[in-house]
Amino acid sequence: MTQKYFHMLFLYLSRMNAFLAAALLGFLVLLINLDIVSRTLFDGSLPGVTEIIALAIPVLVFLALPYQVSGGLLIRNNYFLRKGGGNSALELFSNVVSMAISVGISIATMPLLLSAIDSGEFFGTPDVFTISVWPLRLAILFGSLLVAILFAYKVVEDWRWSLVSSQTAVTLSVFIISIGILFNIAGSNTEIGSVSIVLLLWLLITGVPVAFSLLCTGVVGLSFMKHDLGIGVDVLGMVSASAVSSYVFAAVPLFVLMGLIVASANIGRDSLRVAYWFVGFLKGGLGIATVGANAIFAAITGISIASAAIFSKVAAPELIARGFTPKFALGLVAGSSVLGMLIPPSILLIIYGIIAEVSINKLFVAAVIPGLLLAFLLCLVVVLCVTLNLRFAVTDRYHLTEELPVISISEILRVGPPIFLLVACIVGGIYGGIFTPTEAGAVGSALSCVIALSLGRIKVKKLIELVFSAASTTSSLLFMIIGASAFGLMLTLSGIPEALGQVAQVTGLGLTTYVCLYFLIVVFLGTILDSTSILLVMVPIGLPVVHAMGGDLIWFGIVTVIGVEVGLLTPPLGLSIYAIKASIDDDSISLGDIFRGASPFAMLTFLVCLLLIFNPNLCLVLL
């Protein structure tokens, strides 16, 4: 009984922490908008905004992280867990690894906290603006301890049932021993780094949360390279405090928040109706409108999964009702949803820009032509399928003259301006150099909030829930970047990127051939891992080689993101496909049907990326 009460207490603390994180996110939205107003009206920014936000982001991460853990919401690969019926041995192993890393973060942070208090350590510029760092250390320590306790509780629960899956337990033990032997016989840092990558892929595949997989790999690899476990643990403390402590990282929670508000306010439905008003007279007009609405929605939210989930409810039923086959209708929704990560603003482009340390604004500009090209080709496929009356796409019930209910001019004037205002504000502000991506996210969040409330689409209570959800989701995303930072340090010390560059030179591989091979690996990983995981794993490996070979890192980013997006449409994982399946209420439509329906669009996206690889100017012409 005592154990139960303690567990309830920790769950309560996790939720309270998440509410504090949500309040902090709301404060950041307000602070950045006030800074913009101050700069515009009074020709001067508010003091300390950059410093406050830089320290606030890791605080937000570790405040909300326990809630993500308690709810089982951390990003991970559940494929083999699902196939094994929730295998307890895999769960036990995953929780033990995560608990150990959380304890390591706590151990590494404690002396940093005490040192910050004793020395009065601060962040900022003396005589301009400074802020103490001990609250940051305290948040990391408290959050990591709470995470460790929650995982410890899971370990105790899993231990009771672990013997049920004894075969899996034996397999895990054999693999762990094998990895240990490989680490011990590895002589050079490059060999240790290679074994570390094998360990990482195995951890990801077996279901260990992505962030903890990256952190574990970084710690283990660095410890073996330096022959000192303490160094690996110290790295945990360093990356937890500094990896996401930057103004630019605030763009992630801000765009996530905006996407959630826009989705809840039915902007996706409005986009479809407005798009259809313009193109409904064309052959396959509803299909074209679906692509156009996804492009509009993408330009507002930058989240592919959100587009897939929303338009599977909004557009797919209308497409099916008017004679499109279910698999083609849902495949079109899935195929056009990838525009969310290509047409700016894009969460993946933001993350890539942070990892690669390149201009996010330039990435957004470079993505315009590829995004428009892909949207045009998707529309062309729809027109061709309808014109040729392909049974794959349309049924005998399809009629070109059948339309959606008539949309009045007054309704267009009511729902159209808010959409165009959001797009113009965000996209125009970024391209026009008025806003940084972070500022655009803050303005977009505030503006979408005002629009949603004024249209009566959401209430204040719902808005609070969305801020809470955004803070929690952001915690998972940014914690993965913390993990990627540790992984990147290990890779740098291993010399693997340099070794790959030397192999490319010796074998005579040109830049184009190398990027093609890299792209194929990214697409393959898309069959088993989610988009963000692929980005965090592959970019640190591939980017130094491309840079050494003289490749443009902006172009490489666009190629990487498109390759990652193909993975959203490919089995067995295909997150967009799973999002669509979860969104529709029709057991007659299987996952296989949706995958088959999306296959032509996945192939089209694949070919567009190959075109960009061989013609980099398609990305760079606007720069």
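Final position of the sequence shown in numbering that gives the first Met the number 0 is 622; the numbers increase by one with none missing.
Glycine is no exception: its CB is placed at the ideal position from the N, C-alpha and C atoms.
Straight-line spacing of the CA atoms in ILE411 and VAL273 works out to 7 Å. Beta-bridge partners of VAL393 (DSSP): PHE323. Spanning the alpha carbons of VAL173 and ILE196 requires a straight line of approximately 18 Å.
Look at ILE130 here: in three-state DSSP terms it is strand. By the criterion of a C-beta distance shorter than 6 Å, THR205 is surrounded in its chain by LEU89, once the five residues flanking it on both sides are discounted. Under the three-state reduction of DSSP output, GLY186 falls in the coil class, being neither helix nor strand. When only Cα atoms are considered, ALA308 and ARG268 end up about 12 Å apart. With the rule of 3 Cβ pairs closer than 8 Å, the region 29–39 does not count as touching the region 216–225. The beta carbon of LEU256 is closer than 6 Å to those of SER444 and ALA469 in its chain, skipping five residues each way along the sequence. Distance from the CA of GLY566 to the CA of GLY431, rounded to the nearest whole angstrom, comes to 32 Å. Annotation for PHE122: the continuous beta strand (DSSP E) segment containing it runs 121–124. Distance from the CA of GLY279 to the CA of LEU24, rounded to the nearest whole angstrom, comes to 41 Å. GLU564 counts as buried, since no fewer than 16 other beta carbons sit within 10 angstroms of its beta carbon. Inclusion of ILE368 and CYS618 in the CB contact set at 8 Å is warranted, their separation being smaller than that value. DSSP, read as helix, strand or coil, puts ALA366 in coil. Taking the CA atoms as reference points, ALA250 sits about 43 Å from ILE180. With 16 or more neighbouring CB atoms inside 10 Å of its own CB, PRO252 falls in the buried class. The residue among ILE588, ALA366, VAL393 and LEU389 with its C-alpha nearest the C-alpha of VAL426 is ALA366.
The three-state secondary structure of GLY573, taken from DSSP, is coil. Counting the other Cβ atoms within 10 Å of the Cβ of LEU528 gives 16 or more, which makes it buried. Judged by DSSP in its simplified three-state form, THR205 adopts coil rather than helix or strand. Going by DSSP, ILE457 is part of no alpha helix (DSSP H) at all; its letter is neither H nor E.
Sequence-distant partners of LEU516 (beyond 5 residues in either direction) whose C-beta falls short of 6 Å from its own C-beta are missing from its chain.
Put simply, of ASN16, THR435, ILE52 and ILE553 the residue whose alpha carbon is nearest the alpha carbon of SER244 is ILE52.
Excluding five sequence positions before and after SER484, the CB atoms of its chain that fall closer than 7 Å to its own CB belong to VAL238 and ALA242, given in chain order. PRO436 and LEU379 have their C-alpha atoms spaced approximately 32 Å apart.
Distances from the alpha-carbon of LEU590 to those of LEU341, ILE480 and PHE327 put PHE327 closest. Exposure of LYS458 is indicated by the presence of fewer than 16 other C-beta atoms within 10 angstroms of its C-beta.
Boundaries of the alpha helix (DSSP H) around VAL560: 552–566.
VAL381 has its alpha-carbon roughly 10 Å from the corresponding atom of LEU389.
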